[in-house]
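Working notes, structure below.
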Ligand code: NI
């Protein structure tokens with residue numbers, strides 16, 4: 084084991100501790116290890132996909148954040164060939180969810196997903212997809 088120290092925003096740490104408490108963790112280190120493993124797996128999984136796929140990108144964002152709606156629309160307009168449909172849900176006063184239905188080469192879908200993930204004001208992005216061709 085190697086010890087590290089890190090800086091975190093207080094709110095993020097409080098939220099993390101709340102999750103750990105709900106899940107019955109009594110060690111923050113164990114919680115961080117599990118979270119890191121999960122993060123690595125998710126990234127590897129996203130990078131190992133190939134070929135033609137169909138799927139959804141679920142995006143949750145704060146619509147009060149200046150420019151985020153416009154940026155999200157601009158990005159989607161760069162991928163019209165890969166986007167079949169978009170559903171917008173007004174979740175509450177602050178948050179909106181967009182579910183983007185995508186189809187096509189996974190490299191383009193991944194690129195689109197990563198562009199959305201990098202936007203400020205976007206709080207959560209999840210890509211789910213399946214291969215199209217029979218195996
Ligand atoms: Ni909305």
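In this note's numbering, the protein residues as written are 84 to 218.
Positions of the beta carbon are idealized from the N, C-alpha and C atoms, including for glycine.
Heavy atom of ligand 1 within 6 Å of residue i beta-carbon
| i | result |
| --- | --- |
| residue 160 | no |
| residue 207 | no |
| residue 147 | no |
| residue 165 | no |
Cβ-Cβ separation, residue j to residue i (assumed contact under 8 Å), whole Å
| i | j | result |
| --- | --- | --- |
| residue 196 | residue 123 | Incorrect: roughly 17 Å between the Cβ atoms, too far for contact. |
| residue 181 | residue 142 | 5 Å |
| residue 155 | residue 210 | About 15 Å separates the two Cβ atoms, so there is no contact after all. |
| residue 189 | residue 150 | Incorrect: roughly 28 Å between the Cβ atoms, too far for contact. |
| residue 165 | residue 186 | 7 Å |
Counterpart residues of residue i in DSSP-defined beta bridges
| i | result |
| --- | --- |
| residue 90 | Partner(s): none; residue 90 has no beta bridge. |
| residue 166 | 185 |
| residue 180 | 143, 172 |
Close Cβ partners of residue i (< 7 Å) along its chain, the five nearest in sequence each way excluded
| i | result |
| --- | --- |
| residue 42 | In the structure as shown, the chain begins at 84 and stops at 218. Residue 42 is therefore absent and cannot be evaluated. |
Run of the beta strand (DSSP E) containing residue i, from where it starts to where it stops
| i | result |
| --- | --- |
| residue 206 | 205-214 |
Close-in-space but distant-in-sequence residues of the same chain around residue i (CB under 8 Å, 5 per side omitted)
| i | result |
| --- | --- |
| residue 130 | 193 |
| residue 169 | 159, 181, 182, 183, 184 |
Residue range of the alpha helix (DSSP H) that includes residue i
| i | result |
| --- | --- |
| residue 135 | Here residue 135 belongs to no alpha helix (DSSP H); instead the beta strand (DSSP E) covers 135-145. |
| residue 114 | 111-131 |
| residue 152 | 151-160 |
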